[in-house]
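Trainee: Here you go, one structure.
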Amino acid sequence: IITHEPYALLPLIKAAGAVFLGHYTPEAIGDYLAGPNHTLPTGGSARFFSPLGVEHFCTKSSLIGFSKKGLQNLALDCATLAEHEGLEAHKLSVLSRLDSLTQ
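Residues in the sequence shown are numbered consecutively from 1445, following the numbering used here.
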């Protein structure tokens, strides 16, 4: 955004991989020296993709831990969902743990 007040126009930008602000910020500065890289979403894909970053080379894991009461409260709902998806082993994994709580 090459204008005297680029930050005033910034709220008008809805999606962009990178925004270069002001007269003294050519694209090459962002590509090579300022920190971001030049692997940016193009063709309107900035609406749903971000620029390539270090986080793309890291793995993530989800951690799930239920209490006994939590399993008791939701086991039948979970088994029903698994059954509707045709995932019998998923259904049985929930029901067998529920059964073990009553023994």
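Heads up, the beta-carbon is just placed ideally off N, CA and C, and yes, glycines get one too.
(1) When DSSP labels each residue in this structure, what does residue 1516 get in the three-state scheme?
(2) Just to confirm the assignment, what range does the alpha helix (DSSP H) spanning residue 1543 have?
(3) Is residue 1525 helix, strand or coil when you go by DSSP?
(4) To which residues of the same chain is residue 1512 closer than 7 Å at the C-beta, ignoring the five residues directly before and after it?
(5) Check residue 1456 in the structure and name its three-state DSSP category.
Mentor: On the basis of the supplied data:
(1) helix
(2) 1532-1546
(3) helix
(4) 1545
(5) helix
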